[in-house]
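Visitor: Structure in structure tokens, see below.
Residue numbers (full-length UniProt numbering): 1 to 66.
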């Protein structure tokens with residue numbers, strides 16, 4: 001049986017916390033900042049923890065080795 005490999009795109013985009021939650025960059029900050037409110041831009045700084053259902057998909061399918 002071949003080894004399960006981590007998706008190379010996923011290892012650049014996601015990290016796992018110590019408790020197994022998935023950390024990802026905030027979405028919606030690539031372009032079009034002029035039409036966004038300052039509050040939206042401010043709240044999208046840094047990273048966020050994905051929802052439990054999204055995190056489950058990432059962990060099982062894309063990051064099998066953690």
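Even for Gly, the Cβ is constructed at its ideal location relative to N, Cα and C.
#1: Looking at the structure shown, is residue 19 part of a helix, part of a strand, or coil, going by DSSP?
#2: Go through its chain and collect everything with a Cβ distance to residue 58's Cβ below 6 Å, but skip five positions before and after it.
#3: How do the region 43-56 and the region 22-33 stand: do at least 3 beta-carbon pairs fall below 8 Å, yes or no?
#4: Fully enclosed by the region 2-66, which beta strand (DSSP E) runs are 3 residues long or longer?
#5: Taking the alpha-carbon positions, what's the residue 87 to residue 44 distance?
Guide: Let me lay it out:
#1: Position 19 of the chain shown holds residue 19. The answer is coil: DSSP assigns residue 19 none of H, G, I, E or B.
#2: Sequence index remark: in the chain shown, residue 58 carries index 58 (1-based). Counting only Cβ-Cβ distances below 6 Å, and skipping sequence neighbours, we find 14, 22.
#3: yes
#4: 14-16, 22-25, 47-49
#5: The chain is shown only over 1 to 66; residue 87 falls outside these bounds and no answer can be derived.
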